[in-house]
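Reviewing the structure listed below.
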Amino acid sequence: MRLLTAGESHGSYNVAILEGFPKGVRIEQRFINEELKRRMTGVGRGGRMLIEEDSAEIVSGLRNKITLGSPIAILIKNKDAKIFAQASDNLASLSIPRPAHADLCGALKYGEKDLRNILERASARETVARVAVGAICKQFLSLFRVRIASFTVGVGRVLSGVKPKDISEIIASRKQELNCIDAVAGKQMIKAIKQAQSSGDSLGGIVEVWVDGLVCGLGSFMHFDKRLDAKLAGYLMSIPAVKGVEIGLGFKYAQERGSLSHDAIYYSPSKKFYRNTNNSGGIEGGISTGSPVVMRVAMKPIATLCKPLESVDLMTKKKEKAMVERCDTCAIVALSVIAEAMSSLAVTESFLEKFSCDSLPEIKRNYQGYLKSIDNL
Ligand code: EPS
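Okay, structure coming up:
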């Protein structure tokens with residue numbers, strides 16, 4: 068599969084084109100819109116989310132809700148459109164870059180004096196297109212009982228120590244305002260966000276994503292870019308503001324002794340091969356083990372500060388406060404939804420690599436045949 072997204076933050080539309088998605092899969096636009104709505108929620112979002120009503124329009128690749136195997140094109144309209152491909156706007160030019168945003172490096176790289184021509188594409192608004200595609204992939208994966216869910220582990224320095232028993236507990240956490248399964252920590256996180264908001268500051272955080280129901284055997288050690296962990300980490304790192312990804316025990320794995328941390332292997336005729344622990348995070352040798360894939364994603368604080376940092380005007384070279392348009396304080400719930408979407412995309416790609424990519428009946432045949440073959444090993 069190949070995904071292409073297009074669109075400026077305040078252009079007319081965000082666009083996604085997904086090529087290589089199999090034929091014969093029923094897609095509900097309603098589910099895509101539910102995911103887009105989830106992306107807009109959470110304490111700490113800024114004024115833009117009060118303006119937008121994100122919803123997807125699928126304009127090609129389906130007939131009567133069933134995929135045709137042709138590229139799927141999706142449009143998401145920006146209500147707050149103020150720049151246009153064929154009409155001039157009256158927007159003032161912007162010249163004071165925000166630290167931590169793409170403003171300065173983008174301007175230097177592209178030889179640009181008006182920072183609007185950089186920030187429009189660098190904005191995290193682009194993730195609406197990815198969430199729409201993630202919702203398509205989730206619908207495909209659900210046909211094979213694969214479920215993807217996430218929860219908030221931390222906001223700033225407030226961390227939750229609660230570990231979920233299974234993915235159902237994570238799905239239930241969506242009812243919480245901040246998507247946190249630890250109600251006490253969740254309240255402290257909300258308080259931290261409100262405090263940051265009132266002082267014009269911003270916060271980052273950590274989310275944990277689970278992919279449950281994958282069979283053993285997705286991804287490969289045969290070549291570096293076929294590794295499932297490498298693909299997932301790359302896709303998660305491509306989310307704006309993400310600075311770290313861990314799989315399983317992650318950085319803590321490096322501090323443990325192998326004898327105390329590797330997942331010992333057992334066998335019983337009913338369970339077949341199994342493990343009692345999942346420190347690998349469901350991936351060994353770049354291949355899914357059959358245990359849930361568990362990943363943590365760390366996001367830095369939002370770049371635009373209402374109480375701006377020092378910067379320098381590109382035109383005058385004089386010291387100035389960084390520009391402020393509109394500020395989000397924290398986008399941790401959005402990160403959860405986007406991380407689920409990128410994980411769905413990565414896993415679907417590996418799934419199609421293993422079981423073919425043309426039509427759903429063929430994929431189902433290959434999948435069932437493979438399950439039989441590993442059972443009989
Ligand atoms: C976003 C839309 C943007 C920001 C935010 C994410 O809208 P605006 O720039 O019009 O306020 O709220 O952008 C960023 C965090 C960023 O880094 O650019 C959205 O739809 O998610």
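Taking my numbering, the leading residue of the sequence shown gets 68, the next gets one more, and so forth. We put the beta carbon where it would ideally sit given N, CA and C, even for glycine. Just so we're clear, the structure is a prediction, and the values are computed from it rather than from any experiment.
Within this structure, are the beta carbons of M362 and V309 separated by less than 8 Å? no
Inter-stretch contact (C-beta, 8 Å, three-pair minimum) for the segment 415-425 and the segment 271-290: yes
Taking only heavy atoms of the ligand EPS into account, decide whether any of them is closer than 7 Å to the Cβ of D395. yes
Distance, F218 Cα to D279 Cα: 14 Å
Go ahead and label M382 buried or exposed: buried means 16 or more other beta carbons lie within 10 angstroms of its beta carbon, across all protein chains shown. exposed
As a quick exercise: from F340, G315, P336, pick the residue whose alpha carbon is nearest that of S328. G315
Between M390 and S305, which are expected to be in contact by the criterion C-beta below 8 Å, what is the C-beta distance as a whole number of angstroms? The pair is not a contact, with the Cβ atoms about 25 Å apart (cut-off 8 Å).
Considering only residues of the same chain and omitting the five flanking positions on each side of A398, which have a CB-CB separation below 8 Å? G109, G111, R112, A191, A308, M366, I369
Every unbroken alpha helix (DSSP H) inside the segment 164-235 [4 residues or more]: 170-177, 183-189, 194-209
When you compare only the Cα positions, how much space is there between L186 and P164? For L186 and P164, the distance between alpha carbons rounds to 10 Å.
Backbone CA spacing between S337 and D442 [nearest angstrom]: Pairing S337 with D442, the inter-Cα distance amounts to about 10 Å.
Could you name the residues of the same chain whose beta carbon sits closer than 6 Å to that of S76, not counting the 5 residues immediately before and after it, in chain order? Once the five neighbours on either side are set aside, the close Cβ partners of S76 are E187, S190, R192.
On the premise that V360 lies in contact with W277, defined as a C-beta separation below 8 Å, what is that separation, rounded to the nearest angstrom? 7 Å
Among all the DSSP beta bridges, which residues are the ones paired with L71? I84
Taking 7 Å as the line, does the beta carbon of G272 fall inside it for any heavy atom of the ligand EPS? no
I'd like to confirm something about T344: is its beta-carbon nearer than 7 Å to some heavy atom of the ligand EPS, or not? no
Is any non-hydrogen atom of the ligand EPS found closer than 7 Å to the C-beta of T72, if you look at the structure I gave you? no
Buried versus exposed, by CB contacts within 10 Å (16 or more), G352: exposed
DSSP three-state call for V110: helix, strand or coil? coil
Verify the contact flag: V200, CB atom, against every heavy atom of the ligand EPS, threshold strictly below 7 Å. No - the ligand EPS has no heavy atom lying nearer than 7 Å to the Cβ of V200.
Mapping DSSP to helix, strand and coil, what is A308? coil
Is A398 near the ligand EPS, going by C-beta to nearest heavy atom under 7 Å? A398 Cβ: within cutoff of the ligand EPS.
Nearest to N346 by alpha carbon, out of R130, A321, F340, L303? A321
Which term fits C247, buried or exposed, when burial requires 16 or more other beta carbons within 10 angstroms of its beta carbon? buried
What residues match up with G272 in a beta bridge as DSSP calls it? V222, M366
Which whole-angstrom value is the C-beta distance of L270 and A199, which I expect to be below 8 Å? About 27 Å; that fails the 8 Å criterion.
Contact belief for V364 with I273 at Cβ below 8 Å, rounded distance in angstroms: 7 Å
If you measure from the CB of D147, is any heavy atom of the ligand EPS nearer than 7 Å? yes
For A406 and R432, the rounded distance between their alpha carbons: C-alpha separation (whole angstroms): 30 Å.
Helix, strand or coil: how does DSSP classify F151 here? coil
In three-state terms, what does DSSP make of I248? coil
Would you grab the beta carbon distance between L15 and G201 for me? Rounded to a whole angstrom, and I think it's under 8 Å. Residue 15 lies beyond the range of the chain shown here (68 to 444); nothing can be said about it.
DSSP state of T356, grouped into three classes? coil
Give me the residue from N131, G357, L171, F340 with the minimum Cα distance to Q96. N131
Run the proximity test for T108: is its beta-carbon closer than 7 Å to any non-hydrogen atom belonging to the ligand EPS? Not one heavy atom of the ligand EPS is found less than 7 Å from the C-beta of T108.
Using a 10 Å radius around the Cβ and a threshold of 16 neighbouring Cβ atoms, would you call D33 buried or exposed? Past the boundaries of the shown model lies residue 33; the chain is included only from 68 to 444, so the question cannot be answered.
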